[in-house]
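Numbering (UniProt numbering), first residue to last: 1 to 351. This report concerns only the one structure given below.
Dropping the structure here:
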């Protein structure tokens, strides 16, 4: 009997090859089980990343009416498992002061956070076109009374800066203030913080933007010559925060840069085939979910995936970016107020 053979219990000769194959099969099965387990852990991790706020329960029924949608007829060939109705989402960029990463990126003092960027994203029925309306943070508004988590409420404030709503009452007050200003129901809420935005840009391999003028802003630490640049996460964030080094130094110049970044990010996502690289896909998903605070309607990976899949027909070319019409505030030339009737007409078009 050679060293490559051995006897079984019945005395028959058997080769080692079947045992080797059996061992290999067990190893493969173990690897598959490990892979499934890893995928399950990854899904749980990404799902657990997402923080949420129950805005609907906090605000109750005293809100603008939901848009009326006409459901597809039963059995219709056009019926789809994915949602197709119009939807309004308030997207806030938070300059959080908490955490070492946010402070390193310019978050500053750890005592609080503000809504540094506010955009109402209106996705049309069919979800192939969208309008992004930026609200200048320096806009003076009537800030309504907002419920607080301890059972109390904030006081009504007249002539308050728009971004103070988030400071005094968090996401709930931000949504209530936007709905009071626009009379448009916010179906969902998404908040992204400093470090999360930078991580997302890095995970996507950077983002390419074109600036029409030189930018020299010591506050945001950004210095760019006019032209096309490929930016990493830190520099892209600096571009989003720049205001003193462009235009008249107001928030309106910064909004233009932020809108350019939104379109550039959409183009980068569209050009990056994430499905061919599970590792990169996970890195992007981890960056996105780890930086998000949403309403409870979007606080799961499944809900975010469904939203994303419903927008597969939306491209940067089909995205219109505008700024709420404003004029200088009579009480303060450094602040703005909604320009009427243009602002009201804009909001009416989104209902």
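For each residue, glycine too, the CB sits at the ideal point set by N, CA and C. Small disclaimer: the values here were computed from a predicted structure and weren't measured.
Per DSSP, reduced to three states, the secondary structure at residue 294 is strand. When the five nearest sequence neighbours on each side are left out, the beta carbons in the same chain lying within less than 6 Å of the beta carbon of residue 82 are those of 309 and 310, in order along the chain. In the three-state reduction of the DSSP assignment, residue 45 falls in the helix class. The C-beta distance from residue 336 to residue 116 rounds to 16 Å, too long to meet the 8 Å contact threshold. With contacts defined by Cβ atoms closer than 8 Å, residue 46 and residue 299 do not form a contacting pair. Residue pairing for residue 312: DSSP places it in no beta bridge. Measuring C-alpha to C-alpha distances from residue 170 to each of 234, 194, 132 and 92 identifies 92 as the nearest. Residue 140 and residue 160 do touch by the CB rule: their CB atoms are close to 7 Å apart, below 8 Å. By alpha-carbon distance to residue 118, the top candidate from 200, 162 and 306 is 162. Residue environment for residue 343: buried (at least 16 other C-beta atoms within 10 angstroms of its C-beta). In the structure shown, residue 156 adopts coil according to DSSP, grouped into three states. Residue pairing by DSSP places residue 123 opposite 87 and 130 in a beta bridge. Nearest to residue 221 by alpha-carbon distance, out of 205, 292, 233 and 238, is 238. Counting along the chain, residue 151 sits inside no alpha helix (DSSP H), nor does DSSP assign it H or E at all. When DSSP reads this structure, residue 147 sits in a beta bridge with 153. With a cut-off of 8 Å on Cβ pairs, the segment 176-189 is in contact with the segment 83-90, counting three or more such pairs. Within the DSSP secondary-structure output, residue 51 pairs in a beta bridge with 293. Note on geometry: alpha-carbon atoms of residue 63 and residue 195 lie some 32 Å from one another.
DSSP, read as helix, strand or coil, puts residue 334 in strand.
Boundaries of the beta strand (DSSP E) harbouring residue 209: 207-211, taken from the DSSP string.
An exposed status is given to residue 340, since fewer than 16 other beta-carbon atoms sit within 10 Å of its beta-carbon. Look at the beta carbons and you see the segment 227-241 not touching the segment 172-180: under three pairs across the two are nearer than 8 Å. Each residue's CA atom was taken as its position, placing residue 272 and residue 204 some 7 Å apart.
Around the beta carbon of residue 122, a 10 Å sphere encloses 16 or more other beta carbons of the protein chains shown; the residue is thus reported as buried. Separation of residue 307 and residue 259 (C-alpha to C-alpha, rounded to the nearest whole angstrom) is 21 Å. Three or more Cβ pairs closer than 8 Å define a contact, and the segment 316-325 falls short of that threshold against the segment 213-229. Counting only the Cα atoms, residue 144 lies some 34 Å from residue 318. As computed with DSSP, residue 161 is found in a beta bridge with 140. Rounded to whole angstroms, the gap between the alpha carbons of residue 183 and residue 347 is 7 Å. At a Cβ-Cβ threshold of 8 Å, residue 178 and residue 264 do not count as neighbours.
By the neighbour-count criterion, in which 16 or more other beta carbons inside 10 Å mark a residue as buried, residue 212 falls on the exposed side.
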